[in-house]
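S.K.:
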Amino acid sequence: MNPILVLGAGPAGLSAAAEIAELGAPTILVEREAYLGGNPKRWHYSLLAPDLRPSDEILGPLIAKVEGNPRVQLHRSTTVTKAERLPKGFRITLKTGDALETQEVSAVVLATGFDHFDSRRKFEYGYGRYPDVLDFKELEGMIHDDRVLRPSDGKPPRRIAWILCVGSRDLQVGNPWCCRMGCAVSIKQAVEIRQKHPDIDAYVYYMDIRTYGLWEDLYWKSMQEYGVKFIRGRIGQVTLAEGGSQLLATGEDTILRRPTEVPFDMIVLASGMEPGTGTQEAAALFGVPVGPEGFLTPNLSDMNPVDSGLPGVFLAGAATGPKAIPDSVTEGMGAALRAYQYARN
Amino acid sequence: MPIVEKSLVTVDRSERLEIEGIDVSGDWNTFLRSRVQTDLDVRIVDWIRSQPQGDTISRCWQCGTCTAGCCLHTDYGLSEFNPRYFIYLAQVGYEEELRKYATTIWRCVSCNKCVERCPKGVKVEEVIHTIGSYLEFTGGAPESPADRFDRAYTENLLRRGVLDEASLFRTYERMEGRTMPAGEMLKMGFQLFRSGRLRTGPLAHRTRGWRRFGNVLREKLKEDERCRRASLSAAGGTGGHSP
Chain A
25 MNPILVLGAG PAGLSAAAEI AELGAPTILV EREAYLGGNP KRWHYSLLAP DLRPSDEILG
85 PLIAKVEGNP RVQLHRSTTV TKAERLPKGF RITLKTGDAL ETQEVSAVVL ATGFDHFDSR
145 RKFEYGYGRY PDVLDFKELE GMIHDDRVLR PSDGKPPRRI AWILCVGSRD LQVGNPWCCR
205 MGCAVSIKQA VEIRQKHPDI DAYVYYMDIR TYGLWEDLYW KSMQEYGVKF IRGRIGQVTL
265 AEGGSQLLAT GEDTILRRPT EVPFDMIVLA SGMEPGTGTQ EAAALFGVPV GPEGFLTPNL
325 SDMNPVDSGL PGVFLAGAAT GPKAIPDSVT EGMGAALRAY QYARN
Chain B
378 MPIVEKSLVT VDRSERLEIE GIDVSGDWNT FLRSRVQTDL DVRIVDWIRS QPQGDTISRC
438 WQCGTCTAGC CLHTDYGLSE FNPRYFIYLA QVGYEEELRK YATTIWRCVS CNKCVERCPK
498 GVKVEEVIHT IGSYLEFTGG APESPADRFD RAYTENLLRR GVLDEASLFR TYERMEGRTM
558 PAGEMLKMGF QLFRSGRLRT GPLAHRTRGW RRFGNVLREK LKEDERCRRA SLSAAGGTGG
618 HSP
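So the sequences go chain by chain: A and B. Per the working numbering, the very first residue in the first sequence carries number 25; after that it's consecutive. Per the working numbering, the very first residue in the second sequence carries number 378; after that it's consecutive.
(1) If you reduce the DSSP assignment to three classes, tell me which class cysteine 189 of chain A lands in.
(2) Would you say proline 283 of chain A lies against chain B (beta-carbon separation less than 8 Å)?
(3) Short of 9 Å Cβ to Cβ, which residues in the segment 212-234 of chain A face chain B?
(4) Go to glutamine 219 of chain A, then tell me how far its alpha helix (DSSP H) extends in each direction, as first and last residue.
(5) Give the secondary structure of glutamine 428 of chain B by DSSP, where H, G and I count as helix, E and B as strand, and everything else as coil.
(6) Of all the CB atoms in chain A, is at least one closer than 8 Å to the CB of glutamine 430 of chain B?
(7) Do the CB positions of isoleucine 279 of chain A and glutamine 439 of chain B come within less than 8 Å of each other?
(8) What is the rounded straight-line gap between the Cα of proline 78 of chain A and the Cα of lysine 599 of chain B?
(9) Using the three-state DSSP reduction, which class does asparagine 93 of chain A fall into: helix, strand or coil?
(10) Looking only at C-alpha atoms, which of A/Tyr229, A/Val252, A/Gly336 and A/Asn328 sits nearest to glutamate 285 of chain A?
(11) State the start and end residues of the unbroken beta strand (DSSP E) segment that holds alanine 226 of chain A.
(12) How long is the line joining the alpha carbons of proline 620 of chain B and glycine 441 of chain B, rounded to whole angstroms?
(13) Residues bridged to aspartate 194 of chain A by DSSP?
(14) Using a Cβ-Cβ cutoff of 8 Å, what residues of the segment 247-279 of chain A are near chain B? List them in chain order.
(15) Distance check for glycine 275 of chain A and methionine 378 of chain B, CA to CA, integer angstroms please.
(16) How would you write the range of the alpha helix (DSSP H) that methionine 552 of chain B sits in, first residue to last?
(17) Tell me, please, whether the CB atom of valine 292 of chain A is closer than 8 Å to any CB atom in chain B?
(18) CA-CA distance, valine 262 of chain A and valine 501 of chain B?
(19) If you run the structure through DSSP and keep just helix, strand and coil, what is valine 30 of chain A?
(20) Using a 10 Å radius around the Cβ and a threshold of 16 neighbouring Cβ atoms, would you call histidine 582 of chain B buried or exposed?
(21) In the DSSP assignment, find the beta strand (DSSP E) that holds aspartate 351 of chain A and state where it starts and stops.
(22) So with Cβ pairs under 8 Å, would you call valine 30 of chain A a contact of chain B?
(23) Where do the ends of the alpha helix (DSSP H) carrying glutamine 568 of chain B lie?
(24) Tell me which same chain residues have a C-beta within less than 7 Å of the C-beta of glutamate 497 of chain B, skipping the five on either side of it?
(25) Could you name the residues of the same chain whose beta carbon sits closer than 7 Å to that of threonine 235 of chain A, not counting the 5 residues immediately before and after it, in chain order?
(26) What is the residue span of the beta strand (DSSP E) that glutamine 261 of chain A lies within?
(27) Where does methionine 290 of chain A land, buried or exposed, given buried means 16+ other C-beta within 10 angstroms?
(28) Compare the C-beta of alanine 360 of chain A with all C-beta atoms of chain B and state if any pair is closer than 8 Å.
(29) Taking 8 Å as the cut-off, decide whether the C-beta atoms of threonine 340 of chain A and alanine 359 of chain A are in contact.
(30) Which residues in chain A have a C-beta closer than 9 Å to the C-beta of glutamate 474 of chain B? List them in chain order.
(31) Does the beta-carbon distance from aspartate 139 of chain A to glycine 300 of chain A come in below 8 Å?
(32) Going straight from the alpha carbon of valine 353 of chain A to that of tyrosine 59 of chain A, what length do you get?
(33) Within 8 Å, do at least three Cβ pairs link the segment 31-46 of chain A to the segment 85-99 of chain A?
(34) Output the distance between the C-alpha atoms of lysine 119 of chain A and glutamate 108 of chain A, rounded to the nearest integer angstrom.
(35) Apart from the five residues on each side of it in sequence, which residues of its chain come closer than 7 Å, Cβ to Cβ, to leucine 540 of chain B?
(36) Among A/Tyr154, A/Val190, A/Val133 and A/Lys179, which one has its Cα closest to the Cα of lysine 161 of chain A?
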């Protein structure tokens, strides 16, 4: 049997590669970056919602399963530049640095993931202009290193606001979908900060809170046990407060029905999920249809969420839409099984 | 703040003075205060959470189930009595807006329908009263004639342990700076006399052993006052202007 190609080594890709190897088939795992673990690794995610376990505890074992596995051929800092369809599978060209290498594979799992929305595009929030306006993926790194300090002056903040739905549910930036995890991750960050620094006041500006399913528990706890405050209303703009040391969040408190201009020491933007550049390239390379949002479209999203509908091409993780890590890991397993069945027959 | 066209301003008063058909009420140069809310005061919710009856406040997520069933809000039609809203104002810390309801908030009749229905286990009735207490302790509402009467009544009662109606009436008249017409006074004096309540000054009724009991009562009132101040400052509260 020719090996099965897994494209992308985030949670979904790692899970797929590990399961294919477990089934006894050879695997080629290709990752464009020099490290394994995808976005969680790239941005040094701290604790992961909903169980608040350290991301290394979840990704570590997944990485360990593929690293040093004799059935998994690992290609870091590598991209697929060409894919020719064969009667069964593909002939692919791998590019590592300047070196090209051609291999035949019997099936493909596309686990090319997402990119965080570039918050600079939501220019009203001043991200990139004001150092104390952070993207929440950056705050993840700060929490991970336990250094929650204002980038402008290195002082600890007294009051932090989270703005949800930045680059999500927003026609102005062309992203009408919900990112699914922005609420949970923001709330989780507020909880982590309140746990370690109870003197920091945490406010979340929201339209609705979408901590779906069992994640609701996190939302409840954040209010009851950690005193995180929720203010309904979407912030319209962020400016510098008088004196220039604080940020002014201008919005409407839609429950109070009054405009608000509240000073904060730090403002955190919950940037949404967009189809990653890798996902767009993979769609072109393997001819997988994309939806209006730019994510890969499964053939039957209800019955066969991991099938692309094209022979030998399977999909997993956030390449098909915003997804949490547990769901991505599950889809990786599903795609591994489907790819294995296809390759074996 | 700008001077605003009169027709755009809703003036909160019903009496108007008109002379020869011209409104001379004198609110032409009405100053509008800014509606922009510029701060959030965490001390309110911190204090409320620190009280045994108020700790469920932080569970509230503003669904409105409580207000929907509130007999004051719906059946009685007291639209400004909105428990959900009071909780939000306290939670987020809009002190000024909350203080507008310092009197209204005490109109809760404790039917507890809100507590029965709350999907998140907020003890709404207790929380509402705790918010009311916070407002009361930190300045309350502007003192009304009724408040002044209550004060005069308590002081009068504490003197001898039994009410001296005639003296209470004189004190209250003095406080309000007005007197009743002589005819009314005579009528009331006669009624008080007939019912045996005109015994005032040296003739006033006395309570046996009042000196001791009264001292205990005064001590208790002082102790209550100390407790509330201590709890306010312990929660980093405003402690502020006393009632």
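Glycine residues also receive a C-beta, built at the ideal position from the N, C-alpha and C atoms. Quantities reported herein were computed from a predicted structural model and do not represent experimental measurements.
M.R.: According to the structure data:
(1) strand
(2) yes
(3) Asp225, Tyr227 and Ile233
(4) 206-220
(5) coil
(6) no
(7) yes
(8) 53 Å
(9) coil
(10) A/Tyr229
(11) 225-230
(12) Reliability fails at proline 620 of chain B, whose pLDDT of 33 lies under 50, so the model's placement of it is uncertain and the value that follows must be treated cautiously. The straight-line gap from Cα to Cα measures roughly 32 Å.
(13) A/Asn199
(14) Met247, Gln248, Gly251, Lys253, Phe254, Ile255, Arg256, Asp277 and Ile279
(15) A caution first: methionine 378 of chain B carries a pLDDT of 38, below 50, which makes its placement in the model unreliable, though a value can still be read off. Using only the alpha carbons, I get a separation of about 21 Å.
(16) 542-553
(17) no
(18) 35 Å
(19) strand
(20) exposed
(21) Per DSSP, aspartate 351 of chain A belongs to no beta strand (DSSP E); it is in the alpha helix (DSSP H), 349-368.
(22) no
(23) 559-571
(24) Contrary to the premise, residue 497 of chain B reads as lysine rather than glutamate in this sequence. These residues qualify, in order along the chain: Arg436, Cys437 and Trp438.
(25) Cys207, Ala208, Ile211, Leu242 and Tyr243
(26) 259-264
(27) buried
(28) no
(29) Position check: residue 340 of chain A holds alanine in this sequence, whereas threonine was assumed. Cβ atoms of alanine 340 of chain A and alanine 359 of chain A: closer than 8 Å.
(30) Leu280 and Arg282
(31) yes
(32) 18 Å
(33) yes
(34) 15 Å
(35) Asn533 and Leu534
(36) A/Val190
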